[in-house]
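Reviewing the structure listed below.
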Amino acid sequence: MSEKDVKGAEFLEIAPRVSWFKRFRRVFFSRGVVVFGLVVIVALVVAAIFAPVIAPYGPYEQHLDNILAQPDLQHLLGTDSLGRDTLSRVIFGTRPSLLVGLVAITIAAGIGMSLGLIAGYFGGTIYAIIMRLVDTLMSIPMILLALTLAIVLGGGLRNIIIALGVSMIPPYARVMCGQALSIKENDYIIAAHAIGGSNRHVMLRHLAPNCFPPLIVLMTMQIGGAILAESSLSFLGIGISPPAAAWGAMVNDGYRYLLTNPVLSFAPGVAIMLVVFAFNMVGDGLRDALDPRLRGVI
Amino acid sequence: MSVLLKVENLKTQFKTDAGLVKAVDGVSYHVDEQEIVGLVGESGCGKSVSQLSVMQLVPTPPGEITDGEVIFEGQDLLKFEAKGSKMRSVRGAKIAMIFQEPMTSLNPVLTIGRQITEMLELHLSMDTEAARGRAIELLRLVGIPSAESRIDDYPHQFSGGMRQRVMIAIALSCHPRILIADEPTTALDVTTQAQLMELMKDMVDHFRASLVIVTHNLGVIARYAQRIYIMYAGRIVEAGTTKDIFAHPHHPYTIGLIKCIPRLDEEKGKKLVPIVGLPPNLINMPSTCAFLPRCPYRTEKCEREPWPGLNLIDGQHYAACYADIREE
Numbered sequence: 133m134s135e136k137d138v139k140g141a142e143f144l145e146i147a148p149r150v151s152w153f154k155r156f157r158r159v160f161f162s163r164g165v166v167v168f169g170l171v172v173i174v175a176l177v178v179a180a181i182f183a184p185v186i187a188p189y190g191p192y193e194q195h196l197d198n199i200l201a202q203p204d205l206q207h208l209l210g211t212d213s214l215g216r217d218t219l220s221r222v223i224f225g226t227r228p229s230l231l232v233g234l235v236a237i238t239i240a241a242g243i244g245m246s247l248g249l250i251a252g253y254f255g256g257t258i259y260a261i262i263m264r265l266v267d268t269l270m271s272i273p274m275i276l277l278a279l280t281l282a283i284v285l286g287g288g289l290r291n292i293i294i295a296l297g298v299s300m301i302p303p304y305a306r307v308m309c310g311q312a313l314s315i316k317e318n319d320y321i322i323a324a325h326a327i328g329g330s331n332r333h334v335m336l337r338h339l340a341p342n343c344f345p346p347l348i349v350l351m352t353m354q355i356g357g358a359i360l361a362e363s364s365l366s367f368l369g370i371g372i373s374p375p376a377a378a379w380g381a382m383v384n385d386g387y388r389y390l391l392t393n394p395v396l397s398f399a400p401g402v403a404i405m406l407v408v409f410a411f412n413m414v415g416d417g418l419r420d421a422l423d424p425r426l427r428g429v430i
Numbered sequence: 002m003s004v005l006l007k008v009e010n011l012k013t014q015f016k017t018d019a020g021l022v023k024a025v026d027g028v029s030y031h032v033d034e035q036e037i038v039g040l041v042g043e044s045g046c047g048k049s050v051s052q053l054s055v056m057q058l059v060p061t062p063p064g065e066i067t068d069g070e071v072i073f074e075g076q077d078l079l080k081f082e083a084k085g086s087k088m089r090s091v092r093g094a095k096i097a098m099i100f101q102e103p104m105t106s107l108n109p110v111l112t113i114g115r116q117i118t119e120m121l122e123l124h125l126s127m128d129t130e131a132a133r134g135r136a137i138e139l140l141r142l143v144g145i146p147s148a149e150s151r152i153d154d155y156p157h158q159f160s161g162g163m164r165q166r167v168m169i170a171i172a173l174s175c176h177p178r179i180l181i182a183d184e185p186t187t188a189l190d191v192t193t194q195a196q197l198m199e200l201m202k203d204m205v206d207h208f209r210a211s212l213v214i215v216t217h218n219l220g221v222i223a224r225y226a227q228r229i230y231i232m233y234a235g236r237i238v239e240a241g242t243t244k245d246i247f248a249h250p251h252h253p254y255t256i257g258l259i260k261c262i263p264r265l266d267e268e269k270g271k272k273l274v275p276i277v278g279l280p281p282n283l284i285n286m287p288s289t290c291a292f293l294p295r296c297p298y299r300t301e302k303c304e305r306e307p308w309p310g311l312n313l314i315d316g317q318h319y320a321a322c323y324a325d326i327r328e329e
């Protein structure tokens with residue numbers, strides 16, 4: 133093979149430049165299970181917003197002549213012991229579930245990440261004070277803490293959100309603090325100081341964005357966790373009080389009829405499982421798509 | 002030319018579990034306007050820490066600047082609060098710094114452009130449009146091809162040499178008076194090293210700034226530096242013009258360093274002479290000369306007397322040694 137056979141030009145082909153959004157889209161949608169998760173979440177959001185239109189009956193509408201009906205064409209998922217349509221209640225149940233999940237996580241992540249960032253960035257005494265407080269909070273089991281708070285504050289949607297929000301702070305503070313501690317040692321943080329950036333500037337512009345990837349995953353997973361916790365609280369009778377439609381409470385109502393009408397518990401149970409799974413998958417997809425180090429590779 | 006930066010008796014210590022590390026132990030030097038100064042020494046001799054101390058970027062704790070003055074534009078920088086606005090307005094704007102590892106000194110989640118414009122917005126309060134235009138101009142100046150499109154790239158899309166070019170562009174964006182380059186070429190291959198040294202020289206000429214090059218490689222700066230300081234174990238052991246240092250090295254350590262460099266005019270097959278032994282542990286340093294255990298010129302006086310200060314030899318040439326060595 134002579135030298136002329138080697139075509140240099142082939143190696144000079146530069147990959148076409150892809151915009152940030154296109155790259156994000158390509159990575160995010162490359163996995164079927166992520167798309168499935170997204171579809172489930174979108175469907176749930178639509179269901180929550182348009183519940184009165186989609187649901188065949190009202191959530192409190194009783195069909196006393198047809199209690200504990202098995203699934204049939206009239207009641208696709210049967211009815212409960214008070215003759216309420218299970219499908220309609222599952223659809224209406226998305227409202228409190230999504231609301232609790234999203235708002236509680238926003239509260240927890242907001243407070244937890246700020247605390248963790250401050251603790252990790254400054255270190256020393258500030259670190260010790262914040263993290264010992266977080267440890268104290270962490271030493272109480274989440275459900276127990278939420279339960280206690282819910283009892284003190286009283287039940288109801290708002291208080292459940294506050295209780296779950298507070299009790300879910302520790303993991304965010306911990307992860308953020310760990311991230312901040314390791315990432316602040318990077319040269320680019322010293323470089324950011326060296327160009328004259330203030331503490332606030334370095335913390336928010338340089339440190340925080342580099343800490344986010346695991347926290348995004350944590351957040352999406354915790355949304356599932358919060359929905360699960362809300363269901364647990366409702367199951368325990370502390371959460372959203374009957375007759376409001378909440379998945380946890382529905383599982384609780386239904387388990388007495390598990391042998392005769394299993395669908396009463398299974399339908400809301402599957403809904404909980406689906407939403408938790410969907411948020412976890414979307415979290416994974418987001419992590420892959422948002423990580424700039426993976427850009428251009430995938 | 003007038004003195005731009007004057008460092009007097011700078012002392013920086015680190016408290017560790019093993020004891021007190023005197024990383025910088027009474028270092029004095031100065032940088033003139035538009036001068037290129039080299040600071041040379043082995044790993045761990047305190048050369049980087051001394052530069053971080055000037056910028057007050059030493060991590061405290063465990064580090065602490067215990068003594069000294071850094072006079073810049075008539076003010077003692079060490080009197081400024083480390084994180085205060087006065088110090089911040091010096092960092093980057095007046096004294097800029099380039100770090101050793103181009104692979105890690107750029108923020109991986111921000112675009113190259115964002116990291117340059119950030120500096121312009123911080124110190125010059127430029128608006129976004131103007132800053133972007135200036136950033137492209139700067140990238141072009143440091144030799145990044147098709148700067149208009151590369152400005153939106155992320156650091157991982159750049160090679161090591163290009164990242165260091167970007168670092169230079171960032172460092173020079175606010176027209177600093179002094180550029181401190183902390184082993185700027187250590188992580189790069191030899192050809193890139195040469196290109197970057199040329200670029201840095203051109204750039205400080207263009208911006209009429211002074212340049213402090215911290216390195217462990219005498220060869221790298223021989224061509225560029227006007228004056229050289231040799232550091233050993235936290236102190237400056239020899240100072241002089243580049244010609245003084247290379248033609249008439251006076252301190253045994255400097256002589257050792259020069260003998261380590263292969264020369265083109267030597268006969269073939271001649272072996273390089275390494276400096277025997279290891280650099281000293283900076284904890285519990287003896288009061289005698291720190292180079293004593295490795296010194297081929299040691300005398301009885303060296304064993305008795307404390308570490309000598311810098312003595313004038315001639316002109317601008319100083320050395321911290323009792324022995325009167327005249328090597329060509």
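In order, the protein sequences belong to chains W and G.
Under the numbering used here, the first residue of the first sequence carries the number 133, and numbering increases by one thereafter.
Under the numbering used here, the first residue of the second sequence carries the number 2, and numbering increases by one thereafter.
By construction, the Cβ of each residue, glycine as well, lies at the ideal position given by its N, Cα and C atoms.
Check	Outcome
Taking the C-alpha atoms as reference points, what is the distance between H251(G) and L311(G)?	11 Å
Which chain G residues are close to A323(W), counting only those with a beta carbon under 7 Å from its beta carbon?	F100 and S106
Considering only residues of the same chain and omitting the five flanking positions on each side of P307(G), which have a CB-CB separation below 7 Å?	S288 and T289
Could you name the residues that DSSP lists as bridge partners for H318(G)?	D315(G)
Using CA coordinates, which residue listed in G380(W), T218(W) and M300(W) is at the minimum distance from L368(W)?	G380(W)
Does DSSP put S220(W) in a helix, a strand or coil?	helix
Just mark K269(G) as buried or exposed, buried being the case when its beta carbon has 16 or more other beta carbons within 10 Å.	exposed
Who are the near neighbours of E65(G) in its chain, counting only those whose CB is closer than 8 Å to its CB and skipping five residues on each side?	T13, Q14, F15, K16 and V59
Could you confirm whether any beta carbon from chain W is found closer than 8 Å to the beta carbon of V110(G)?	yes
Spell out whether any CB of chain G is found under 8 Å from the CB atom of Y259(W).	no
Which class does G45(G) belong to by DSSP, given the choice of helix, strand or coil?	coil
Can you name the start and end residues of the alpha helix (DSSP H) that R164(G) belongs to?	G161 to L173
Terminal residues of the continuous alpha helix (DSSP H) containing Q194(G)?	V191 to F208
Quick one: list the residues of chain W neighbouring M120(G), beta-carbon separation under 7 Å, in chain order.	I327
My understanding is that A182(G) touches I99(G), with C-beta atoms under 8 Å, so please give their C-beta distance in whole angstroms.	4 Å
Report the option in G220(G), L140(G), K84(G) and A97(G) whose CA atom is closest to the CA atom of F175(G).	The question names Phe, yet the displayed sequence has Cys at residue 175(G). The residue with the shortest Cα to Cα distance from C175(G) is A97(G).
Check the Cβ of H124(G) against every Cβ in chain W and list those closer than 9 Å, keeping chain order.	I327 and G328
If L418(W) and I315(W) are in contact, beta carbons under 8 Å, what's the gap, nearest whole angstrom?	About 19 Å; that fails the 8 Å criterion.
Which residues of chain W have a Cβ atom closer than 8 Å to the Cβ of R89(G), listed in chain order?	G328, G329 and S330
Between the Cα of S330(W) and the Cα atoms of A210(G), D190(G), H124(G) and R133(G), which residue gives the shortest distance?	H124(G)
DSSP three-state label for M133(W), please.	Caution applies to M133(W), whose pLDDT of 43 falls short of 50 and renders its modelled position unreliable; the value that the coordinates give is listed next. If DSSP states are grouped into helix, strand and coil, M133(W) belongs with coil.
Please state the DSSP three-state secondary structure of Q116(G).	helix
Taking DSSP as the reference, what is the three-state secondary structure of L258(G)?	helix
Using a Cβ cut-off of 7 Å, pull out every chain G residue sitting near D319(W), in sequence order please.	F100, E102, T105 and S106
When you compare each of I237(W), P188(W) and L209(W) to F123(W) by their alpha carbons, which one comes out closest?	Residue 123(W) is absent from the structure shown; chain W starts at 133 and stops at 430.
So with CB distances below 9 Å, who are the chain G contacts of P341(W)?	N108, V110 and L111
Using three-state DSSP, classify M232(G) as helix, strand or coil.	strand
Could you tell me whether the Cβ of H338(W) comes closer than 8 Å to any Cβ of chain G?	yes
Say whether the region 243–261 of chain G touches the region 317–328 of chain G, bearing in mind that this needs 3 or more beta-carbon pairs closer than 8 Å, one atom from each stretch.	yes
Quick one: is L140(G) near chain W, going by C-beta distance under 8 Å?	no
Locate the alpha helix (DSSP H) running through N342(W), then write down its first and last residues.	A340 to F367
Bridge partners for D26(G) per DSSP, in chain order?	K12(G)
When Cβ atoms are compared, which residues of the region 2–35 of chain G fall closer than 7 Å to chain W?	none
Terminal residues of the continuous alpha helix (DSSP H) containing D245(G)?	T243 to A248
Taking contact to mean 3 or more Cβ pairs, one atom from each stretch, closer than 8 Å, check whether the region 392–399 of chain W and the region 30–47 of chain G are in contact.	no
For G447(W), I'd like the list of residues in its chain whose CB is within less than 6 Å of its CB, leaving aside the five on either flank, ordered along the chain.	A question about residue 447(W) goes unanswered here, because the residues of chain W that appear run from 133 up to 430.
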